[in-house]
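Residue 70 in UniProt numbering sits at position 70 of the sequence shown, with consecutive numbering throughout.
In this text, a Cβ means the ideal position worked out from N, Cα and C, and glycines have one as well.
Just so it is clear, the structure is predicted and the values come from calculations on it, not from any experiment.
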Amino acid sequence: MREGGREAGKSEIGSERLCNLRKEKSRNAARSRRGKENFEFFELAKMLPLPGAITSQLDKASVIRLTISYLHMRLLDISHFSYGPVVHPMQGFVLP
1 MREGGREAGK SEIGSERLCN LRKEKSRNAA RSRRGKENFE FFELAKMLPL PGAITSQLDK
61 ASVIRLTISY LHMRLLDISH FSYGPVVHPM QGFVLP
């Protein structure tokens, strides 16, 4: 009976260790994803027609909001030109 108790204790420790390893792996994966996302947001912010001093201070929501506004402005700017039947079927995907 004593030996069975030891085995149960070892398996509990082993499963706890496995659980901790899985948690650590999950945290590392999430950290990696966040790093990649942050890099893409930084790259997107650099493409906005704003000074770098401003774009470097933007949070993610602001980058998305400003990018959407910029794309809307570009779309309106394009609609003033007459490209014929090409612009309407593509719904604004053609940029000069």
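- Cβ-Cβ separation between Leu-48 and Leu-66: approximately 6 Å, consistent with a contact (criterion under 8 Å).
- Lys-10 sits away from Phe-41, with the two beta carbons spaced by 8 Å or more.
- Taking C-alpha positions only, Asn-28 is separated from Arg-22 by approximately 10 Å.
- Out of Leu-71, Asn-20 and Phe-39, the CA that lies nearest to the CA of Ser-56 is found in Phe-39.
- Taken in chain order, the complete beta strand (DSSP E) segments of 3 or more residues contained in the UniProt domain "BHLH" (21-74) number zero; there are none.
- Less than 8 Å divides the Cβ of Leu-44 from the Cβ of Val-63.
- Distance between Glu-12 and Arg-31, taken at the CA atoms: about 28 Å.
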